[in-house]
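Residue numbers (the working numbering): 2 to 621.
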């Protein structure tokens, strides 16, 4: 159940000045959010208790607050009391900062803001604002809202966890020898659950020994062996409870949080420590952050995603899958990205899963291969002679390399198996000098590792990029996707996230990107009245007379109260006003004739004086 929220229809405003222009960013935000279906905006809520605020209203006030570089919940609450556009968007409701922050941190807000990009992309498609039928992809790193010195490193956890497992194994063997526990798998004993079982069994044995000691005589020659054994078992139980079990749980929890990463922050487990461009200390300091991937067209963000790894090429596949699942990628024919995404794995993904799309993505060495220095470098295999029939290479020195065998490698980061052809220099060359050149410094025969699949993909990418269409589309990349990150950080002031946790940060970044979209979209839609212009000198003189009449009439009405005027001056001003209307009528007739016969698209200025104000309207 939600509170009623229909802007402008539930109340009657007595002050007609309480309004905002139609091209104001608040109006653009309101129109866009209202265009999203209620099935997407609303969620199932309880039918009892106080009705919740409408999600559309909450989303509007957050979008407008971000457009004004206001990110604090308390400051947004203050805007609801002091800022006129914000009051209109909220229907003059007073909302607590707790409610604002709770909505911004909710899963529902995360879902809604993601759907907003789907509808905004459809809007761009309907209005023909998609550039070159291409989507431009790039990434940037942004600092997380986490303490900078709360890092946890995977190597340190693995090191100390391995040491703990060694200590547990020794303790487990000791308990087996003392016949305290029965035999169990060593791997199970090294886990926190296994340690818990060991502690319970040890405590049970301590209780049994205590019962035996109670039945023993008080004086035993040489001391009680049960007491000595109980003392040792108590130490073991204490070590298990106070040291081993907490450490095992801590290390296991940390390894689960890592999820393949090398680090995380204690105050934001989803943030990864990585190098940032803003390195004020100039020491390569690692800071907790996120890798934001954004897809744009015509400088509008159509989709985005957050990733924990700092490199871009590993984010390409999941980001494309996300856009495909939302139906966003179906609206584009070309996929454009920089050389950071150009790898054999990514090219293979595009060939297999997106064969209907064209892609303009250079590989890492593409720019370097176009230089004259590279083309004349004798050490590069691309510049060697190749005999296709007999399948051998000859380098610039004359050393011959014959095919020897096939080889495979598996990338640890992607799991892709890469196939290589190994060429090896012949042991005996034509001359003794070439025989020596065929060996390495260590005395082994020189080899070439050639990847046919990678070479084919590089040639295809090169052909696409060097075509006229490829050059034109790829040339748009820098001016399309790169400026949005500069606007986000410098213009809109978001250099650091404001929430913690991946889902919450997604909502935070999504609101910022959607605000940027709507502000740009609203600026494009603004109707800016141009100055009235006549080529004919007679028409220009008429306009000057008309403006003078308006100015004099304004002086009469606004600045000269009637009790300061004498009768003669008052009659003169009234006659002047009458002359003004006559001139206005004649000029209008001339203008209409000019519009109908000579310039149909001319904009006509009509001036109306009413009571104590001068209103200027422009009619197309």
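Think of the CB as a built atom: it goes at the ideal place given N, C-alpha and C, for glycine as much as any other residue. On a predicted model such as this, the values are computed, not experimentally measured, just so you know.
Query                                                                                                             : Result
Cβ neighbour criterion (16 or more within 10 Å) applied to residue 5                                              : exposed
Coarse secondary structure for residue 41, derived from DSSP in three states                                      : helix
Proximity winner among 328, 367, 349, 79, relative to residue 339 (alpha-carbon distances)                        : 367
C-beta contact flag for residue 401 and residue 262 at 9 Å                                                        : no
Cβ neighbour criterion (16 or more within 10 Å) applied to residue 84                                             : buried
Limits of the alpha helix (DSSP H) - the one that residue 480 falls within                                        : 478 to 481
Validate contact between the region 127 to 139 and the region 332 to 348 using beta carbons, cut 8 Å, 3 pairs     : yes
Length-filtered (4 minimum) alpha helix (DSSP H) runs lying within the region 118 to 199                          : 155 to 178, 187 to 190
Reference residue 424; option with closest CA among 439, 306, 52                                                  : 439
Residue 7 in three-state terms, based on DSSP                                                                     : coil
C-beta contact flag for residue 57 and residue 77 at 9 Å                                                          : no
Contacting residues, own chain, Cβ-Cβ under 7 Å from residue 427 (five flanking each side not counted)            : 401, 403, 439
Same chain, Cβ closer than 6 Å to residue 501, five either side skipped, listed in chain order                    : 146, 269
Same chain only: Cβ atoms within 8 Å of residue 441, ignoring 5 sequence neighbours per side                      : 447
Three-way DSSP call (helix, strand, coil) for residue 415 in this model                                           : coil
Which listed residue (586, 110, 100, 398) has its alpha carbon closest to that of residue 44                      : 110
Those runs of the beta strand (DSSP E) which lie wholly inside the region 247 to 314 and span at least 3 residues : 264 to 266, 273 to 276, 287 to 298, 301 to 308
Contact between the region 245 to 259 and the region 183 to 196 (3+ Cβ pairs under 8 Å)                           : yes
Same chain only: Cβ atoms within 6 Å of residue 53, ignoring 5 sequence neighbours per side                       : 3, 46
Separation of residue 227 from residue 187, as counted between CA atoms                                           : 28 Å
Beta-carbon separation (whole angstroms), residue 124 vs residue 515, contact threshold 8 Å                       : About 12 Å; that fails the 8 Å criterion.
Buried or exposed by the 16-neighbour rule on C-beta atoms within 10 Å, applied to residue 471                    : buried
Cβ-based burial, residue 601 [other Cβ within 10 Å; buried from 16]                                               : Note that residue 601 scores a pLDDT of 41, beneath 50, so its modelled location is shaky; the value from the coordinates is reported in the next line. So residue 601 counts as exposed.
Option nearest residue 301 by Cα separation, candidates 398, 478, 575                                             : 478
Residue closest to residue 115, alpha-carbon to alpha-carbon, out of 331, 316, 307                                : 307
Residue nearest to residue 406 in terms of C-alpha spacing, selected from 451, 475, 134, 503                      : 451
C-alpha distance - residue 20 paired with residue 89, whole-angstrom precision                                    : 8 Å
Inter-residue spacing [alpha-carbon to alpha-carbon] between residue 398 and residue 370                          : 21 Å
Distance, residue 310 Cα to residue 293 Cα                                                                        : 10 Å
Span of the alpha helix (DSSP H) around residue 361                                                               : Counting along the chain, residue 361 falls outside any alpha helix (DSSP H), though it belongs to the beta strand (DSSP E) covering 359 to 361.
Exposure of residue 35, with buried meaning 16 or more beta-carbon neighbours within 10 Å                         : exposed
Residue 587 burial status per 10 Å Cβ neighbour count (16 or more: buried)                                        : exposed
Exposure label - residue 175; buried when at least 16 CB within 10 Å                                              : exposed
C-alpha distance - residue 164 paired with residue 158, whole-angstrom precision                                  : 10 Å
Sub-9 Å separation of residue 135 and residue 361 beta-carbons                                                    : yes
Exposed unless 16 or more other CB atoms sit within 10 angstroms - verdict on residue 68                          : buried
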